[in-house]
Amino acid sequence: MSPPNKRGAAAKVAPAALLQFDDNNLMSRLYGEHDQHLARLEQQLGVHLAARGNRLAISGPADAVRIAELALNALYDRLRKKLEVGAAEVDAAIRLAQGPADGGNAAADMQAEDLTVRTRKRHISPRSPNQATYLRALRSHELVFAVGPAGTGKTYLAVAMAVSLMTEGKVDRIILSRPAVEAGERLGFLPGDLREKVDPYLRPLYDALYDMLPAEQVVSRLANGEIEVAPLAFMRGRTLSNAFVILDEAQNTTPVQMKMFLTRLGENSRMAVTGDLSQVDLPSGQLSGLRDAVDLLADMDTVALVQLTNADVMRHSLVTRIVRAYEARDSGGKGEPLT
2 MSPPNKRGAA AKVAPAALLQ FDDNNLMSRL YGEHDQHLAR LEQQLGVHLA
52 ARGNRLAISG PADAVRIAEL ALNALYDRLR KKLEVGAAEV DAAIRLAQGP
102 ADGGNAAADM QAEDLTVRTR KRHISPRSPN QATYLRALRS HELVFAVGPA
152 GTGKTYLAVA MAVSLMTEGK VDRIILSRPA VEAGERLGFL PGDLREKVDP
202 YLRPLYDALY DMLPAEQVVS RLANGEIEVA PLAFMRGRTL SNAFVILDEA
252 QNTTPVQMKM FLTRLGENSR MAVTGDLSQV DLPSGQLSGL RDAVDLLADM
302 DTVALVQLTN ADVMRHSLVT RIVRAYEARD SGGKGEPLT
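End of the sequence shown sits at 340 in the working numbering; the numbers just go up one at a time, nothing left out.
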């Protein structure tokens with residue numbers, strides 16, 4: 002029996018869709034070990050999938066059948082491009098197939114558009130429509146603001162794009178920066194010299210680099226200055242040319258610091274500014290430089306603003322629910338229970 006819709010009536014059931022794939026050698030990877038990818042699609046969409054060789058029948062509610070068909074075609078297209086397919090990619094294909102709220106379909110659009118970012122260690126693809134918009138903006142704009150909650154890929158995708166452009170020879174340097182603003186601590190009270198004090202704040206940037214490049218390349222490029230990871234204060238007085246420059250945790254800048262950073266932009270350079278305006282650690286009453294810059298500059302030519310939401314959170318599923326609970330609480334709602 003078909004699952005009921007919200008009004009209690011039976012959902013519209015589509016005639017079974019039949020997919021046939023050309024390359025039999027890809028089927029085991031498309032279906033997953035013990036057909037686990039198919040089981041994941043069935044569980045999330047409420048469809049039934051029956052596989053026989055390179056043929057796959059999909060039955061269930063009409064909308065769910067359409068989404069499953071688009072998702073499977075997108076996953077097959079990834080495999081043909083020699084890209085990996087795992088549980089995360091299945092979930093991403095479903096999200097993209099569901100499409101944005103305006104009725105478009107990101108999965109169908111992206112089959113004709115290669116948004117994959119290629120680095121030495123891995124190939125990174127968008128896992129939501131907003132992430133696809135973000136990658137397009139990073140490729141086509143000189144300055145991109147990415148605003149959204151933790152886990153939405155704001156910094157990770159920017160670092161991936163920077164590494165890709167550097168390995169292609171389109172920029173000479175990558176400069177990664179963060180403001181050293183602490184949640185409840187003071188740098189002066191922490192042990193060690195200045196580098197030892199600020200390195201913990203820059204660690205997520207190092208982690209992203211090691212995810213994109215072999216360790217020996219990260220070390221050598223840091224040593225010769227091709228990659229620089231530094232606190233925001235180190236940017237003052239510089240002109241950053243032929244570089245991809247990323248400012249992370251930008252919600253913790255003041256308007257003066259943000260102006261200083263943005264005016265470092267030099268010839269043949271790009272900037273990505275990322276942050277979460279719900280996690281500002283500045284003193285109470287202090288205006289966030291990210292908020293100020295977005296309000297002032299977002300409508301300029303060659304400047305893009307990408308808003309990521311809890312629907313784009315790619316970490317553990319519980320992280321998405323935690324973000325939603327906090328957002329609902331802060332907006333006066335009850336929030337989603339965590340159990």
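Backbone N, C-alpha and C fix where the C-beta goes; we use that ideal spot for every residue, glycine too.
In the DSSP assignment, find the alpha helix (DSSP H) that holds residue i and state where it starts and stops.
i           : result
residue 163 : 155 to 168
residue 258 : 256 to 263
Taking its Cβ as the centre, do 16 or more other Cβ atoms sit within 10 Å of residue i, making it buried, or is it exposed?
i           : result
residue 301 : exposed
residue 56  : exposed
residue 216 : exposed
Helix, strand or coil: how does DSSP classify residue i here?
i           : result
residue 268 : coil
residue 113 : In this prediction, residue 113 scores a pLDDT of 48, lower than 50, which makes its location untrustworthy; no coordinate-derived value is stated.
residue 130 : helix
residue 1   : Outside the shown range of the chain (2 to 340) lies residue 1, about which nothing can therefore be said.
residue 43  : helix
residue 19  : strand
residue 142 : coil
residue 103 : Model confidence at residue 103 stands at a pLDDT of 43, short of 50, so the residue's coordinates are unreliable; what they give is reported in the following sentence. Three-state DSSP puts residue 103 in coil, outside helix and strand.
residue 31  : helix
residue 219 : helix
residue 183 : With a pLDDT of 49 at residue 183, under the threshold of 50, the modelled position of this residue cannot be trusted, and the question is left open.
residue 287 : coil
residue 119 : strand
residue 280 : coil
residue 305 : strand
residue 314 : coil
Just checking my contact of residue i with residue j at CB under 8 angstroms: how many whole Å lie between their CB atoms?
i           : j           : result
residue 164 : residue 243 : Not confirmed; about 15 angstroms, so no contact.
residue 18  : residue 66  : 5 angstroms
residue 251 : residue 259 : 7 angstroms
Name the two residues that bound the continuous beta strand (DSSP E) containing residue i.
i           : result
residue 179 : 174 to 179
residue 61  : 56 to 62
residue 229 : 228 to 232
residue 53  : 49 to 53
residue 241 : Run containing residue 241: none; DSSP gives neither H nor E here.
So, do the segment 111 to 130 and the segment 281 to 296 have three or more beta carbon pairs nearer to each other than 8 angstroms? no
For the structure I just gave you, are there three or more beta carbon pairs, one from the segment 303 to 311 and one from the segment 144 to 161, closer than 8 angstroms? yes
Could you tell me whether the segment 266 to 281 touches the segment 226 to 243, where touching means 3 or more Cβ pairs closer than 8 angstroms? yes
Say whether the segment 218 to 237 touches the segment 128 to 137, bearing in mind that this needs 3 or more beta-carbon pairs closer than 8 angstroms, one atom from each stretch. no
At least 3 beta-carbon pairs within less than 8 angstroms: the segment 77 to 94 vs the segment 34 to 45: yes
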